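**Student:**
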Amino acid sequence: MLNPRPSQPTIEKTLLDFSEGRISRQRAMFVLDVDYSELWDLMVAHDLWLPELSDLEAASEGHRMADFLAARGI
Numbered sequence: 399m400l401n402p403r404p405s406q407p408t409i410e411k412t413l414l415d416f417s418e419g420r421i422s423r424q425r426a427m428f429v430l431d432v433d434y435s436e437l438w439d440l441m442v443a444h445d446l447w448l449p450e451l452s453d454l455e456a457a458s459e460g461h462r463m464a465d466f467l468a469a470r471g472i
């Protein structure tokens, strides 16, 4: 976990790219070698917001989104 490959961007750069919608959730998880819940934990730890999600992805991951927002006090 959290051992980006030498040719990959840093953890912070990857999280920022994901937060700003420049890379997908799947790509961020692959680069950081983390699962879905660890990715959200990292986002909270780095005080970053979620990227804009498609309606389909938001609906399928709604319960995790609610957990993330609750962790941020929203």
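End of the sequence shown sits at 472 in the working numbering; the numbers just go up one at a time, nothing left out. Even for Gly, the Cβ is constructed at its ideal location relative to N, Cα and C. Quick caveat: nothing in here was measured; it's all calculated off a predicted structure.
1) Are there 16 or more other CB atoms within 10 angstroms of the CB of I380, so buried, or fewer, so exposed?
2) If you measure between the beta carbons of H444 and L413, is that distance less than 8 angstroms?
3) Which word fits W438, buried or exposed, when buried means at least 16 other C-beta atoms lie within 10 angstroms of its C-beta?
4) Is T412 helix, strand or coil by DSSP?
5) Apart from the five residues just before and just after G407, which ones in its own chain have a Cβ nearer than 6 angstroms to its Cβ?
6) Using a Cβ-Cβ cut-off of 8 angstroms (strictly less than) and excluding sequence neighbours within five positions of S435, which residues of its own chain qualify?
7) Mapping DSSP to helix, strand and coil, what is W447?
**Tutor:** To lay it out plainly:
1) Residue coverage of the chain in this structure runs from 399 to 472, which leaves residue 380 outside it and unanswerable.
2) Counting from 1 along the sequence shown, the entry for residue 444 is found at position 46. Counting from 1 along the sequence shown, the entry for residue 413 is found at position 15. Yes. Within cutoff.
3) Along the sequence shown, read from residue 1 onward, the residue named residue 438 stands at position 40. W438 comes out buried.
4) Taking the first residue of the sequence shown as 1, we reach residue 412 at position 14. It is helical.
5) The count along the sequence shown starts at 1 and reaches residue 407 at position 9. The identity of residue 407 in the sequence shown is Pro, whereas the question assumes Gly. The answer is none, since no qualifying residue turns up.
6) Residue numbering aside, residue 435 sits at position 37 when the sequence shown is read from its first letter. Contacts found: R462.
7) Here residue 447 is taken as the residue at index 49 of the sequence shown, counted from 1. DSSP places W447 in coil when its eight states are reduced to three.
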